[in-house]
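**Student:** Sharing a structure here in structure tokens format.
Chains as they are written, first to last, in our numbering: chain A, 3 to 166; chain B, 3 to 166.
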């Protein structure tokens, strides 16, 4: 890097906390007045995708397979590490869902123990209000061989088999 | 290993080719007169699982989630490496399926380019005879975080989402 590039880079890093912030409604990271993922008209408001962290929004956007809204729940439940349901800000999520009345709420959390617990908790909370929740599919990752997948994944792939 | 253990081990290895062989009907590796996976009465003959190699049978058995029969197709198509449809012994498979009339044929091949091509070929061949084929599910492997999956897998997980 030249001195000029380094200067520009350092200024940008220094400004991050002022310029990039979490949008109050959805929790996405933005650098503008309005969250570009939740702009009315540009996205399908009948789908809400729940993610645990703002960076997951960018990962899902890269797939170009999703055109709905996002909602960052902010944490995964882990009683051992002191992360309890209070930290999920569930009331804010419920209020937003009640306002939008989505036809489907996609729970896009990790397939770990904490992700499973959080998904079950969110499903319980949201389905009791009459919303339909779905979860990301489990199975073989792309490009993988049966030799290199664990038995848990193979079982999920087998029980979740579908016509293609 | 003691000298005795080593001797026993070396004898077992030396005998493998005489004692373990591929059962003509299904292609499973066995050490007995009859393939234990295809014994009538013990398994569900209305399900056939197609695998590319006899070792995949053991991986699927470990999941304890499958009680049907197996059929080893023996290879994955790869024109570049000279593996063409002739090597899949498709006529033997068709004859066996016609005799068993399974309600579902599960194609359990790798999620690689060769696995995809072979799965599509097998589906075409079997569905033209009126059989129903399914394929293993694609998605997040167990225990994985959204941070560590590639976009292709995330897209499959998103489009294959299900109620849970």
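Beta carbons: idealized from backbone N, C-alpha and C, even for Gly.
Determine the burial state of residue 36(A): buried for a count of at least 16 other Cβ atoms within 10 Å of its Cβ, exposed for fewer.
**Tutor:** Working through the first chain from its first residue, we reach residue 36(A) at position 34. With fewer than 16 other Cβ atoms within 10 Å, it is exposed.
**Student:** Is it right to say residue 158(A) is buried, meaning 16 or more other beta carbons lie within 10 angstroms of its own, or is it exposed?
**Tutor:** For the purposes of this step, residue 158(A) is identified with residue 156 of the first chain, where counting begins at 1. That one is buried.
**Student:** With a threshold of 16 other CB atoms inside 10 Å of the CB of residue 146(B), please say whether the residue is buried or exposed.
**Tutor:** In the second chain, the residue the question calls residue 146(B) occupies position 144. When all chains shown are included, residue 146(B) counts as buried.
**Student:** Could you give the uninterrupted runs of the beta strand (DSSP E) lying entirely in the segment 36 to 122 of chain A, keeping only those of 3 residues or more?
**Tutor:** The segment 36 to 122 of chain A contains these whole beta strand (DSSP E) runs: 46 to 53, 70 to 74, 106 to 109.
**Student:** Considering Cα atoms alone, identify which of 86(B), 102(B), 72(B), 68(B) is closest to residue 117(B).
**Tutor:** Here residue 117(B) refers to the residue found at position 115 of the second chain. The option with the nearest alpha carbon to residue 117(B) is 86(B).
**Student:** Taking the C-alpha atoms as reference points, what is the distance between residue 161(B) and residue 162(A)?
**Tutor:** As a working note, residue 161(B) is residue 159 in the second chain. As a working note, residue 162(A) is residue 160 in the first chain. Using only the alpha carbons, I get a separation of about 13 angstroms.
**Student:** Just to confirm, are residue 139(A) and residue 141(B) a CB contact at a threshold of 8 angstroms?
**Tutor:** Numbered from its first residue, the first chain carries residue 139(A) at position 137. Numbered from its first residue, the second chain carries residue 141(B) at position 139. It is a contact, given that the beta carbons lie within the stated cut-off.
**Student:** Here's a check: name, in chain order, each residue in its chain whose Cβ is nearer than 8 angstroms to the Cβ of residue 21(B), leaving out the five neighbours to either side.
**Tutor:** Mapped onto the second chain, residue 21(B) falls at position 19. Around residue 21(B): 33.
**Student:** Do the CB positions of residue 135(A) and residue 129(A) come within less than 8 angstroms of each other?
**Tutor:** The residue labelled residue 135(A) in the question sits at position 133 within the first chain. The residue labelled residue 129(A) in the question sits at position 127 within the first chain. In contact: residue 135(A) and residue 129(A) (Cβ atoms closer than 8 angstroms).
**Student:** Of all the CB atoms in chain B, is at least one closer than 8 angstroms to the CB of residue 105(A)?
**Tutor:** Against the first chain, residue 105(A) aligns to sequence position 103. It does not; no Cβ of chain B falls within 8 angstroms.
**Student:** Buried or exposed: where does residue 60(B) fall if 16 or more other Cβ atoms within 10 Å of its Cβ makes it buried?
**Tutor:** For the purposes of this step, residue 60(B) is taken as the residue at position 58 of the second chain. Exposed.
**Student:** How is the beta strand (DSSP E) around residue 137(B) delimited, first residue to last?
**Tutor:** To locate residue 137(B), count along the second chain from 1; it is residue 135. Looking at the DSSP string, the run of the beta strand (DSSP E) that includes residue 137(B) is 135 to 137.
**Student:** Within a Cβ cutoff of 8 angstroms, which residues of the same chain sit near residue 91(B), ignoring the five residues on either side of it in sequence?
**Tutor:** For the purposes of this step, residue 91(B) is taken as the residue at position 89 of the second chain. Taken in chain order, the residues that qualify are 75, 76.
**Student:** Return no unless some Cβ of chain A is closer than 8 angstroms to the Cβ of residue 71(B).
**Tutor:** By one-based count along the second chain, residue 71(B) stands at place 69. No, because no Cβ of chain A sits closer than 8 angstroms to the Cβ of residue 71(B).
**Student:** Could you check whether the Cβ of residue 119(A) sits closer than 8 angstroms to any Cβ belonging to chain B?
**Tutor:** If you number the first chain from 1, residue 119(A) lands on position 117. Output row for residue 119(A): interface = no.
**Student:** Quick one: list the residues of chain B neighbouring residue 152(A), beta-carbon separation under 9 angstroms, in chain order.
**Tutor:** Residue mapping note: residue 152(A) aligns to position 150 of the first chain, counting from 1. Ordered by position in chain B, the residues that pass the 9 angstroms Cβ test against residue 152(A) are 143, 144, 145.
**Student:** Report the residues of the segment 54 to 65 of chain B with a CB closer than 7 angstroms to any CB of chain A, ordered along the chain.
**Tutor:** Answer in chain order: 58, 61, 62, 64, 65.
**Student:** Which runs of the alpha helix (DSSP H) spanning at least 4 residues fall entirely within the segment 139 to 166 of chain B, listed in chain order?
**Tutor:** Within the segment 139 to 166 of chain B, the complete alpha helix (DSSP H) runs of at least 4 residues are 153 to 161.
**Student:** So, at 8 angstroms on beta carbons, what are the nonlocal neighbours of residue 105(B) in its own chain, with the 5 sequence-adjacent residues on each side left out?
**Tutor:** One-based indexing of the second chain puts residue 105(B) at position 103. Cβ within range, chain order: 48, 49, 134.
**Student:** How would you label residue 58(A), buried or exposed, when you count the other beta carbons within 10 angstroms and need 16 or more for buried?
**Tutor:** Position 56 of the first chain, counted from the start, is the residue given in the question as residue 58(A). Classification for residue 58(A): buried.
**Student:** Please report the distance separating the alpha-carbon of residue 132(A) from that of residue 115(B).
**Tutor:** Looking up residue 132(A) in the first chain gives position 130. Looking up residue 115(B) in the second chain gives position 113. Straight-line Cα distance between these residues: approximately 42 angstroms.
**Student:** List, in order along the chain, the chain A residues whose C-beta lies closer than 9 angstroms to that of residue 182(B)?
**Tutor:** The structure shown does not extend to residue 182(B), since chain B is modelled only from 3 to 166, so the question has no answer here.
**Student:** Taking 8 angstroms as the threshold (C-beta atoms), are residue 125(B) and residue 109(B) in contact?
**Tutor:** Counting from one through the second chain, the residue named residue 109(B) turns up at place 107. Counting from one through the second chain, the residue named residue 125(B) turns up at place 123. Yes; because the gap between Cβ atoms is below 8 angstroms, this pair is in contact.
**Student:** Are any of the Cβ atoms in chain B nearer than 8 angstroms to that of residue 68(A)?
**Tutor:** Here the question's residue 68(A) lines up with position 66 in the first chain. For residue 68(A), the answer is yes, since a Cβ of chain B falls inside 8 angstroms of its Cβ.
**Student:** Comparing alpha-carbon positions, which option in 28(A), 69(A), 41(A), 38(A) lies nearest residue 54(A)?
**Tutor:** The sequence position of residue 54(A) within the first chain is 52, counting from 1. When only C-alpha atoms are compared, the closest one is 28(A).
**Student:** Closer than 9 angstroms by beta-carbon distance: list the chain B residues that pair up with residue 90(A), in chain order.
**Tutor:** Taking the first chain and counting its residues from 1, one reaches residue 90(A) at position 88. Near residue 90(A) there are no residues of chain B at all, since even the closest Cβ is about 17 angstroms away, more than 9 angstroms.
**Student:** In this structure, does DSSP put residue 4(B) in helix, strand or coil?
**Tutor:** For the purposes of this step, residue 4(B) is identified with residue 2 of the second chain, where counting begins at 1. Of the three classes helix, strand and coil, the one that applies to residue 4(B) here is coil, per DSSP.
**Student:** Between the alpha carbons of residue 72(B) and residue 81(B), how many angstroms are there, rounded?
**Tutor:** The sequence position of residue 72(B) within the second chain is 70, counting from 1. The sequence position of residue 81(B) within the second chain is 79, counting from 1. So the alpha carbons of these two residues sit roughly 25 angstroms apart.
**Student:** So with CB distances below 9 angstroms, who are the chain B contacts of residue 166(A)?
**Tutor:** The residue labelled residue 166(A) in the question sits at position 164 within the first chain. The answer, in chain order, is 109, 121, 122, 125, 135, 136, 137.
**Student:** Check each candidate in 164(B), 15(B), 44(B) and name the one with the smallest Cα separation from residue 137(A).
**Tutor:** Translated into the one-based positions of the first chain, residue 137(A) becomes position 135. Residue 164(B) is the option with its Cα nearest to residue 137(A).
**Student:** Determine whether the beta carbon atoms of residue 70(B) and residue 46(B) lie at a separation below 8 angstroms.
**Tutor:** The sequence position of residue 70(B) within the second chain is 68, counting from 1. The sequence position of residue 46(B) within the second chain is 44, counting from 1. Cβ atoms of residue 70(B) and residue 46(B): closer than 8 angstroms.
**Student:** Going along the chain, which residues of its own chain have a beta-carbon closer than 8 angstroms to the beta-carbon of residue 44(A), five neighbours each way excluded?
**Tutor:** Locating residue 44(A) in the first chain gives position 42, counting from the first residue. 38, listed in sequence order.
**Student:** Which residues, in chain order, does the segment 8 to 29 of chain B contribute to contact with chain A at a C-beta distance below 9 angstroms?
**Tutor:** Against chain A - using a Cβ distance shorter than 9 angstroms - the segment 8 to 29 of chain B contributes no residues.
**Student:** What's the gap between the Cα of residue 3(A) and the Cα of residue 9(A)?
**Tutor:** Residue 3(A) sits at position 1 when you count from the first residue of the first chain. Residue 9(A) sits at position 7 when you count from the first residue of the first chain. The alpha-carbon atoms of residue 3(A) and residue 9(A) are separated by roughly 10 angstroms.
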